Amino acid sequence: MNTEAQGAAAPMLDQPADRGGRAQPMLIAQGLKRYFPIRGGLLNRRVAEVKAVDDVSFTVLKGETLGVVGESGCGKSTLARLLMHLLVMDAGSLIFDGDPVGTEQGLSLRDLRRNLQMVFQDSYSSLNPRLPIEESIAYSPRVHGMERGQAKRIARELLQRVGLRPEYFGGRYPHELSGGQKQRVNIARALALNPRMLILDEAVSALDKSVEAQVLNLLGELKREFNLTYMFISHDLHVVQYISDRVMVMYLGQVVEFGPVDTIYAQPRHPYTAALLECRLVVDPAGRIDTPPLVGDPPNPINPPSGCRFRTRCPHAETVCERTVPALGAWNGNTAAHLVACHMAHPGSGHSRAAPAPVVH
Amino acid sequence: MGAMAPRPLVEVRDLQVSFVSREATVSAVNGVSFTVMPGEVLCIIGESGSGKTVTMRSLLRLHPPRRTVIRGHMRVGDHDILALSERAMNQVRGAVISMVFQEPMTALDPVYTIGDQIAETVIRHEGGSRRAAMARALELLNLVKVPSPERRLRAYPHELSGGLRQRAMIALALSCRPSLLLADEPTTALDATVQIQVLIMLRRLQEEFGMGVIFVTHDLGVAAQIADKVAVMYAGRIIEYGSVADVLLRPAHPYTLGLLSSTVHGQTRDAEIEAIPGSPPDLRALPPGCSFAPRCRFAVPPCTAAFPPTALAGLDHAASCLQIEAVRGAVPAHADA
Ligand SMILES: Nc1ncnc2c1ncn2[C@@H]1O[C@H](COP(=O)(O)OP(=O)(O)OP(=O)(O)O)[C@@H](O)[C@H]1O
Ligand SMILES: Nc1ncnc2c1ncn2[C@@H]1O[C@H](COP(=O)(O)OP(=O)(O)OP(=O)(O)O)[C@@H](O)[C@H]1O
Ligand SMILES: [Mg+2]
Ligand SMILES: [Mg+2]
Chain A
0 MNTEAQGAAA
10 PMLDQPADRG
20 GRAQPMLIAQ
30 GLKRYFPIRG
40 GLLNRRVAEV
50 KAVDDVSFTV
60 LKGETLGVVG
70 ESGCGKSTLA
80 RLLMHLLVMD
90 AGSLIFDGDP
100 VGTEQGLSLR
110 DLRRNLQMVF
120 QDSYSSLNPR
130 LPIEESIAYS
140 PRVHGMERGQ
150 AKRIARELLQ
160 RVGLRPEYFG
170 GRYPHELSGG
180 QKQRVNIARA
190 LALNPRMLIL
200 DEAVSALDKS
210 VEAQVLNLLG
220 ELKREFNLTY
230 MFISHDLHVV
240 QYISDRVMVM
250 YLGQVVEFGP
260 VDTIYAQPRH
270 PYTAALLECR
280 LVVDPAGRID
290 TPPLVGDPPN
300 PINPPSGCRF
310 RTRCPHAETV
320 CERTVPALGA
330 WNGNTAAHLV
340 ACHMAHPGSG
350 HSRAAPAPVV
360 H
Chain B
0 MGAMAPRPLV
10 EVRDLQVSFV
20 SREATVSAVN
30 GVSFTVMPGE
40 VLCIIGESGS
50 GKTVTMRSLL
60 RLHPPRRTVI
70 RGHMRVGDHD
80 ILALSERAMN
90 QVRGAVISMV
100 FQEPMTALDP
110 VYTIGDQIAE
120 TVIRHEGGSR
130 RAAMARALEL
140 LNLVKVPSPE
150 RRLRAYPHEL
160 SGGLRQRAMI
170 ALALSCRPSL
180 LLADEPTTAL
190 DATVQIQVLI
200 MLRRLQEEFG
210 MGVIFVTHDL
220 GVAAQIADKV
230 AVMYAGRIIE
240 YGSVADVLLR
250 PAHPYTLGLL
260 SSTVHGQTRD
270 AEIEAIPGSP
280 PDLRALPPGC
290 SFAPRCRFAV
300 PPCTAAFPPT
310 ALAGLDHAAS
320 CLQIEAVRGA
330 VPAHADA
């Protein structure tokens with residue numbers, strides 16, 4: 000981070016350099032896979048597996064906020080933990096700002112952590128209950144070799160920055176804070192290494208509306224001030240629309256739609272995205288929903304349906320959906336900015352609603 | 000209210016609940032009064048820690064008796080809740096009043112199947128044979144639209160998805176045809192597509208049974224979807240009450256207005272959300288005046304002198320605020336349509 004903006008403040012760790020330049024995506028994920036084994040039987044053998052993340056590829060651009068939505072259990076948190084390398088991936092690769100992660104010549108895990116940090120979904124349990132919050136925040140800089148007093152000064156500055164007066168709050172333990180205050184501590188802790196990118200997993204979901212608004216505003220300020228890139232995972236479709244530049248929609252371990260936020264919200268191309276958006280509630284009793292846009296529960300991820308995984312709940316399902324897995328691709332040959340995995344969107348797929356295959360001369 | 004008005008199903012008068020410990024006394028509920036008519040859905044909304052859950056649990060007398068001081072009057076049907084013996088209260092729980100919790104695993108016993116749990120409740124309250132009780136359990140799972148209900152009767156709670164568990168818990172809560180259902184954020188843990196299914200189902204069952212419902216949520220969209228009346232709580236008091244349309248579209252209390260403007264809803268990106276500044280008061284030492292005054296942009300000196308009396312903002316619409324007119328002037332015009 001540049002020294003002007005620092006003023007007389009305690010010097011933080013330098014923000015890792017922008018190595019790839021503006022056009023280089025911050026993060027490129029390719030073919031990520033993670034199956035969780037389910038053990039059982041007499042010998043506790045692997046009897047099945049949950050396909051939590053199943054061949055997921057996407058990019059996050061520098062300075063953008065990528066929103067991630069999808070049903071509970073569709074693999075959002077697992078994906079986040081794979082990106083953080085908190086979970087080992089079964090397959091796939093990650094390129095951070097042009098450097099492959101975890102290979103000989105690439106970025107080490109330690110370097111990745113300096114660049115990429117995460118605020119966890121279960122933030123209530125992610126702070127050490129026996130440490131005053133100031134020390135929880137100072138912990139990472141200490142591990143990265145910063146001298147004790149210095150790490151503490153940074154922790155106190157970050158507390159101030161997230162709106163908690165260090166002289167009141169610094170010495171408190173997690174149980175002495177409200178939910179919103181704890182979430183601010185988690186954000187401060189994630190910023191302590193001065194990273195370039197943050198993954199926020201349901202970071203505001205447990206908060207009530209007035210605190211949620213405070214935390215969202217704070218995230219906006221911090222993003223501008225520290226030039227951050229966000230991946231923002233949430234159930235709340237209104238919040239995702241507000242905060243995101245692009246949106247990724249997941250269903251049962253896979254990406255079903257990806258594109259600029261306004262395009263996705265105005266013209267969803269995947270029937271799941273469309274149904275999800277129809278479930279948004281409005282703060283007006285005249286706008287009540289009388290029939291559920293989507294019925295049933297998501298299928299079991301242990302034994303997902305063949306072909307398109309959404310077909311068992313899809314009003315447009317046809318034979319092709321059962322037989323062939325739809326690829327994630329530009330719809331109707333439109334721009335590659337808007338990707339969708341649905342046979343209806345792909346010319347010549349064999350679905351009765353798809354455009355005919357283009358004639359090749 | 001005319002002389003012919005029917006008798007409310009629930010009548011709560013000046014409820015006060017405090018928790019006493021060696022270190023401090025927490026005044027969680029500070030004089031709450033409300034009524035619920037039969038067949039009516041009252042939503043309680045409000046800040047985290049404002050006393051919503053404590054109010055609901057008081058109706059079932061679920062607080063630790065030694066450490067809790069409850070004052071006031073609560074009537075549900077013909078039962079004077081605070082006057083009942085522990086035995087009579089046990090009969091009321093489940094049969095007259097039942098509760099759906101935020102986290103279904105706290106209400107469902109992990110070691111019994113769904114069918115066993117429902118049947119057991121039916122037998123305990125209504126007697127009858129096990130076979131009849133099982134038949135009733137099946138009927139209930141059908142009612143709450145659990146797919147393949149015969150199979151699910153034999154399932155353990157952990158074998159069901161979140162949405163199915165929530166439905167199983169609602170089935171359990173309805174098993175003795177209660178006249179009052181208490182639902183504490185029953186859909187918060189569900190995702191959008193399942194949440195709307197559960198809300199629509201609850202509304203339909205409630206109409207079918209003519210049940211009264213008190214529904215706690217902090218999602219204003221959920222309140223708009225399900226409520227007839229809305230009560231807004233702040234620091235242990237109801238500070239606004241009215242029809243769902245009045246409270247959500249024509250708010251009269253500054254806190255309600257703040258809650259509405261801080262709800263993310265199609266704001267333009269890059270514009271800040273209008274958050275309420277500051278944080279809620281310390282319930283161990285409440286100030287004498289309006290508890291919201293320190294955060295209120297409409298506050299005038301009398302606000303901090305004494306708690307403001309309840310003032311009418313319309314027919315059956317009331318708020319505890321000295322500045323209702325000023326708040327009214329600040330409500331965005333489109334909301335008044
Ligand atoms: N450690 C684990 N062992 C086995 N299964 C797991 C494990 N972690 C997650 N799963 C399963 O993997 C799937 C994806 O879980 P994940 O937590 O990533 O979902 P999610 O999209 O974050 O859901 P939510 O919106 O509820 O947070 C689920 O079916 C879950 O039960
Ligand atoms: N058994 C208890 N002992 C002491 N304090 C309690 C007890 N139960 C609740 N409280 C306190 O009473 C206050 C009101 O709590 P309550 O659970 O009713 O809040 P709420 O409005 O339901 O909030 P949320 O939206 O977070 O669920 C809180 O400050 C809480 O800490
Ligand atoms: Mg998750
Ligand atoms: Mg509560």
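Just so you know, the sequences run in chain order A and B.
If you're matching positions, the first sequence starts at 0 in numbering that gives the first Met the number 0 and goes up one per residue.
If you're matching positions, the second sequence starts at 0 in numbering that gives the first Met the number 0 and goes up one per residue.
Just so it is clear, CB atoms sit at the ideal spot from N, CA and C, and this is done for glycine as well.
Small disclaimer: the values here were computed from a predicted structure and weren't measured.
Where the beta strand (DSSP E) through residue i begins and ends
i                 : result
Ala318 of chain B : His316 to Ser319
Cys42 of chain B  : Val40 to Gly45
Asn29 of chain B  : Thr24 to Val35
Phe208 of chain B : Where Phe208 of chain B is concerned, there is no enclosing beta strand (DSSP E), although the alpha helix (DSSP H) it sits in stretches over Ala191 to Phe208.
Thr120 of chain B : Taken as a continuous stretch (DSSP letters only), Thr120 of chain B belongs to no beta strand (DSSP E), being part of the alpha helix (DSSP H) at Ile113 to Glu125.
His72 of chain B  : Thr67 to Val75
Pro36 of chain A  : Leu26 to Gly39
Ala228 of chain A : Note that residue 228 of chain A corresponds to Thr in the displayed sequence, not to Ala. Per DSSP, Thr228 of chain A belongs to the beta strand (DSSP E) from Thr228 to Ile232.
Ala223 of chain B : Note, Ala223 of chain B: premise wrong, no beta strand (DSSP E); alpha helix (DSSP H) at Leu219 to Ile225.
Close Cβ partners of residue i (< 7 angstroms) along its chain, the five nearest in sequence each way excluded
i                 : result
Glu63 of chain A  : Thr228, Asp244 and Arg245
Ser305 of chain A : Glu321
Ala90 of chain A  : Gly30 and Lys32
Lys51 of chain B  : Ile43, Gly45, Val215 and Met232
Inter-residue Cα distance where the pair is residue i and residue j
i                 : j                 : result
Ile80 of chain B  : Pro7 of chain B   : 15 angstroms
Ala87 of chain B  : Gly76 of chain B  : 14 angstroms
Gly45 of chain B  : Arg66 of chain B  : 25 angstroms
Ile198 of chain A : Val210 of chain A : 20 angstroms
Arg279 of chain A : Pro292 of chain A : 10 angstroms
Val248 of chain A : Glu201 of chain A : 15 angstroms
Asp54 of chain A  : Asp269 of chain B : 33 angstroms
Thr318 of chain A : Pro148 of chain B : 28 angstroms
Arg92 of chain B  : Ala131 of chain B : 21 angstroms
Gly72 of chain A  : Pro36 of chain A  : 15 angstroms
Gln196 of chain B : Lys228 of chain B : 21 angstroms
Val212 of chain B : Ala305 of chain B : 33 angstroms
Asn216 of chain A : Gly162 of chain A : 11 angstroms
Gly66 of chain A  : Ala326 of chain A : 21 angstroms
Gly114 of chain B : Val68 of chain B  : 38 angstroms
Pro331 of chain B : Pro279 of chain B : 25 angstroms
Ala27 of chain B  : Glu220 of chain A : 34 angstroms
Burial state of residue i (16 or more Cβ within 10 Å)
i                 : result
Ser261 of chain B : buried
Leu12 of chain A  : buried
Tyr167 of chain A : exposed
Asn29 of chain B  : buried
Thr105 of chain B : exposed
Arg129 of chain A : exposed
Leu311 of chain B : exposed
Ala344 of chain A : buried
Asn43 of chain A  : exposed
Asp289 of chain A : exposed
Asn127 of chain A : exposed
Val142 of chain A : exposed
Thr334 of chain A : exposed
Contact set between residue i and chain C, taken where Cβ atoms lie within less than 8 angstroms
i                 : result
Val299 of chain B : This model lacks chain C altogether; the protein chains it does include are A and B.
Any non-hydrogen atom of ligand 6 closer than 7 angstroms to residue i Cβ
i                : result
Lys51 of chain B : Ligand 6 is not part of this structure, which contains only ligand 1, ligand 2, ligand 3 and ligand 4.
Range covered by the alpha helix (DSSP H) that runs through residue i
i                 : result
Arg287 of chain A : Counting along the chain, Arg287 of chain A falls outside any alpha helix (DSSP H), and DSSP gives it neither H nor E.
Gly66 of chain A  : Gly66 of chain A -> not in any alpha helix (DSSP H); beta strand (DSSP E) instead, spanning Thr64 to Gly69.
Gly162 of chain B : Gly161 to Leu173
Pro165 of chain A : Pro165 to Phe168
Glu156 of chain A : Arg147 to Arg160
Tyr155 of chain B : No alpha helix (DSSP H) contains Tyr155 of chain B, which DSSP labels as neither H nor E.
Cβ-based neighbour list, residue i, same chain, cut-off 6 angstroms, excluding 5 preceding and 5 following
i                 : result
Gly19 of chain A  : Asp96 and Gly97
Tyr271 of chain A : Tyr250, Val255 and Phe309
Arg268 of chain A : Trp330, Val339 and Ala344
Lys222 of chain A : none
Ala317 of chain B : Tyr240, Thr309 and Leu311
Cβ neighbours of residue i in the same chain (closer than 8 angstroms, five flanking residues each side left out)
i                : result
Ala23 of chain B : Arg283
Run the Cβ filter for me: residues under 5 angstroms from any heavy atom of ligand 1, listed in the order they occur in the chain. A:Phe35, A:Val49, A:Ala51, A:Ser71, A:Gly72, A:Cys73, A:Gly74, A:Lys75, A:Ser76, A:Thr77 and A:Pro300
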